[in-house]
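Numbered according to mature numbering (1 follows the signal peptide of the UniProt record, and there is no 0), the sequence shown spans residues -22 to -1, 1 to 708.
What follows is a short report on a single structure.
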Amino acid sequence: MRKTLSLSLAILIGAWHASTHGAESSSSTADEQARRDYAEYALTHQGNVARGKLVFERSAGPNCAKCHTVDGNRRFAGPDLSSIGDKFELPELIDSILNPSATIAIGYGNTIVQTDAGTTHAGVMQRVTADWLELLDENSRPVRIPAAEVVATQESDVSLMPAGLEKSMTRDEFVDLLAYLQSLRQELGASASPSTPNEIPPCAEPVQFVPLFDASLRFDHPVWIGRIPGDGRRYVVLEHAGMSWIVEKTPAGDRRTPLLDLSGVVRRGGATGLLGFAFHPKFTENHRYFLKYHVVEAGQISTIVEERSFAPDFKGDSGQPPRQLLKIPSVTQDHNGGSIVFGPDGYLYIGTGDTGPQRDPRGHGQDLGSLLGKMLRIDVDQTEADKAYAIPPDNPFVGVDGIRPEIWAYGFREPWRYSFDRQTNDLWVGDVGQDRFEEVTLARVGENHGWNVFEGATPFSEEYRREHERYVSPVLSYPRRLGVSVTGGYVYRGARTPALIGQYVFGDFESRRLWALLPEGRNTKEIVEIGRSPTRIVSFAEDADGELLMVGFDDGVVYRLDFEQIDLSPLETHTIAATAEQSPVLWRYTLESPSENWTADSFDDSSWSLAPGGFGTTGTPGAIVRTDWHARDIWLRRSFDLPTAPSATATFDDREFALRIHHDEDVEIYLNGVEIARLPRWTSGYAEIPLSATAASALKPGKNVLSIHCRQNSGGQYIDAGIVEYVRPR
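Printed below as a string of structure tokens:
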């Protein structure tokens, strides 16, 4: 445990050195040492949730409540924190407070506005119109500035959240605040639809991640890869900052050459940058390709969709001037959509986000007079009098007054990545959620996919609801504890893995989980986790054979997903020692410190009290309280029988076991007198922790004894545990 804490601290200190590199003042050294002291203290001490809530709410001190909500019901200058404990681990929370400018949440960047009167305003951009712009300042107060008075606007690299907040708290108050933030989690059992499982089981054998290119070929935050049509050896790779490359695989080694450098043009940051690329369906004949990126002009962020062409020899860009198809102004810097994709019908599909602010208070997703929050469909081979493109005649709103004819579907928040199933022509979209759910949806012509009236299939806001409107639920929506930023993938149609054919493979940018979803109509029939990526997942692609690729954002590596050994069967879980989830299991317990040999299987616990688990206080998240426990410490013992293996061919050493536990807070667990786990802090629900070979060796055929000591430090409390066995399909 101490090694883990030291590693976490080393990572934090490394980040601070990087962010303060070049600072010359002696005070910065002292500040860095103070942050280091606070971080180390927080990593080695427990906090009190109730006291932390007071620190959060009080005006004297960090004054968190002036910029953050914890219920998602209001719009403040900072992000809503209602499920922050699901999103960030402790080291990340520490860094977000001690080094607020290191990573600024998308949608909460700090914009600096200068006026002709010499006044400077700073805040989070809310809205820009032809007549004025509006910010939320550091106190979450709206500031509206007439456009005629604006001299310049600039996005700042410095967060609106002030540095040095640790100076307003003692170390103990800092630890209490962290404990409170960690307690803010999505309630267990919250479900967006029948297609939202609370748990997604792992598959029996996961996918392998194999680098597609030579180890020497790494990219600077790549965001997209695509195979060059007509050439199975060459690819285009986009980098976030505006560089694009042609990469060729050869027997002598892989090599890359520049395609186009837009780094001096592209606005890179958060959800903006060079994000999308599409080859024309007749690329081998006409050399045409299309880009999607973002620019800033006079402080206004806009999405650009433009056409360019390859040189006659297909070895690079032609150098000819681009043809701009669309320029869509954004309200803020976030939620601009990522992909552009040609459909099987030959038309270009352009996903646009609501562009913020957070929670879409202007209702862009539902506004059919706006191109924001939509799936657009245009004809790039024709033009109309006032457009560089034409409107397909079968677009659903052609000729309808007040509705943009480019709209094909609507009600999206951030359709980051999407793709067509090459067999069915279905359009699968990964739409990034707000506070509670990430969505996978099947988009169809003319449909309303709900945002911001719904998040997933759960009501979100009534402000823009229309009577008699039909809102389409997603195929799947998953809660924040499984991931916080969906990355849409592909329906697998390759030939190497028949068991995967027809399943939608996708992932989550932040949690790095990959899943395979088997649909049934517009519902989820089955879903399994097929692996954990070594890096954040920014996009997927298909190679010439329909096999899948994955782009790693942080490590700069493009991976081939190797499904050769994958077994999609979910691991079966057999209960060996039940928890309160199944029944009121009886435990022996005491609130008085027992003798030293209390964990031994031969210990006489007959004088201890007898009661059903779990033990705790009502209201503890995820708890099934059958016996009240209010003291600081509790010691528990129970016996259970280990049956023979489910498979007659399995030996004892082949069997895989896990501890199923919900604890709040610190807990020590023993099997037959052998310590098998020591877990700090708490879980928000029941979790499974695979037993190591050493821990599993403490089990024996027949009778076994599970012994537990749990200590509560603050807030709610709960303890319950059991043993499960994973059974691999044969």
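In this text, a Cβ means the ideal position worked out from N, Cα and C, and glycines have one as well.
Predicted, not measured: the structure shown is a model, and the values here were computed from it.
Sequence-distant residues of the same chain with beta carbon closer than 6 Å to residue i, five excluded per side
i, result
"Arg29", "Asp154"
"Ser79", "Val136, Ser137"
"Leu346", "Ile381"
"Asn403", "Pro322"
"Glu666", "Ala636, Arg638"
"Asp644", "Pro658, Arg689"
"Gln160", "Gly63"
Presumed contact (8 Å Cβ cut-off) between residue i and residue j, rounded CB distance
i, j, result
"Val410", "Ser463", "5 Å"
"Gly592", "Ala558", "4 Å"
"residue 748", "Pro393", "Beyond the ends of the chain as shown, which are -22 and 708, falls residue 748; an answer cannot be given."
"Arg395", "Phe518", "7 Å"
"Asp198", "Glu217", "5 Å"
"Pro457", "Ala435", "Actually they are not in contact, since the Cβ atoms of Pro457 and Ala435 sit about 12 Å apart, beyond 8 Å."
"Lys678", "Ser617", "Contact flag wrong, Cβ pair sits at about 12 Å."
"Leu326", "Ala366", "About 12 Å separates the two Cβ atoms, so there is no contact after all."
"Gly334", "Asp312", "5 Å"
"His265", "Thr250", "Contact flag wrong, Cβ pair sits at about 28 Å."
"Ile654", "Ala671", "Actually they are not in contact, since the Cβ atoms of Ile654 and Ala671 sit about 11 Å apart, beyond 8 Å."
"Val128", "Val91", "6 Å"
"Gly694", "Thr605", "Wrong, their Cβ atoms sit about 15 Å apart, outside the cutoff."
"Asp357", "Pro370", "5 Å"
Environment of residue i [buried if 16+ CB atoms lie within 10 Å]
i, result
"Gln11", "exposed"
"Ala276", "exposed"
"Leu240", "buried"
"Gln298", "exposed"
"Asn26", "buried"
"Glu447", "exposed"
"Ala95", "exposed"
"Pro290", "exposed"
"Ser584", "exposed"
"Ala8", "exposed"
"Asp192", "exposed"
"Glu525", "buried"
"Gly700", "buried"
"residue 709", "The requested residue 709 is not part of the displayed model; the chain covers only -22 to 708."
"Arg122", "exposed"
"Glu151", "buried"
"Ser6", "exposed"
"Gly485", "buried"
Range of the contiguous alpha helix (DSSP H) that encloses residue i
i, result
"Thr672", "671 to 674"
"Tyr456", "Tyr456 -> not in any alpha helix (DSSP H); beta strand (DSSP E) instead, spanning 454 to 457."
"Phe34", "27 to 35"
"Pro69", "68 to 76"
Residue interval of the beta strand (DSSP E) (run including residue i)
i, result
"Thr235", "233 to 239"
"Ala157", "From DSSP, Ala157 is part of no beta strand (DSSP E) but of the alpha helix (DSSP H) over 149 to 161."
"Phe257", "254 to 257"
"Gly509", "501 to 510"
"Asn264", "No beta strand (DSSP E) holds Asn264; the alpha helix (DSSP H) holding it covers 261 to 264."
"Lys65", "Note, Lys65: premise wrong, no beta strand (DSSP E); alpha helix (DSSP H) at 62 to 65."
"His552", "550 to 555"
"Leu138", "Per DSSP, Leu138 belongs to no beta strand (DSSP E) and is neither H nor E."
"Ala249", "Counting along the chain, Ala249 falls outside any beta strand (DSSP E), and DSSP gives it neither H nor E."
"Leu305", "The residue you asked about is not Leu; residue 305 is Lys in the sequence shown. Element bounds for Lys305: 301 to 307."
"Trp493", "491 to 498"
"Leu405", "405 to 409"
Residue i (DSSP reduced to helix, strand or coil)
i, result
"His342", "helix"
"Asp15", "helix"
"Glu646", "strand"
"Asn682", "strand"
"Leu143", "helix"
"Cys181", "strand"
"Asp545", "strand"
"Pro175", "coil"
"Pro476", "helix"
"Lys270", "strand"
"Lys352", "strand"
"Glu441", "coil"
"Ala170", "Here Ala170 scores only 44 on pLDDT, less than 50, and its place in the model is too uncertain to base an answer on."
Neighbourhood of residue i by C-beta distance below 7 Å, restricted to the same chain and skipping five residues each side
i, result
"Gly(-9)", "Residue confidence is low: Gly(-9) scores 46 on pLDDT, short of 50, so the model does not pin down where it sits. Its coordinate-derived value is still stated next. The answer is none, since no qualifying residue turns up."
"Leu349", "Ile306, Thr330, Arg382, Glu384"
"Val652", "Ala676"
"Ala628", "With a pLDDT of 49 at Ala628, under the threshold of 50, the modelled position of this residue cannot be trusted, and the question is left open."
Neighbourhood of residue i by C-beta, 8 Å cutoff - its chain only, sequence neighbours within 5 removed
i, result
"Pro437", "Val431"
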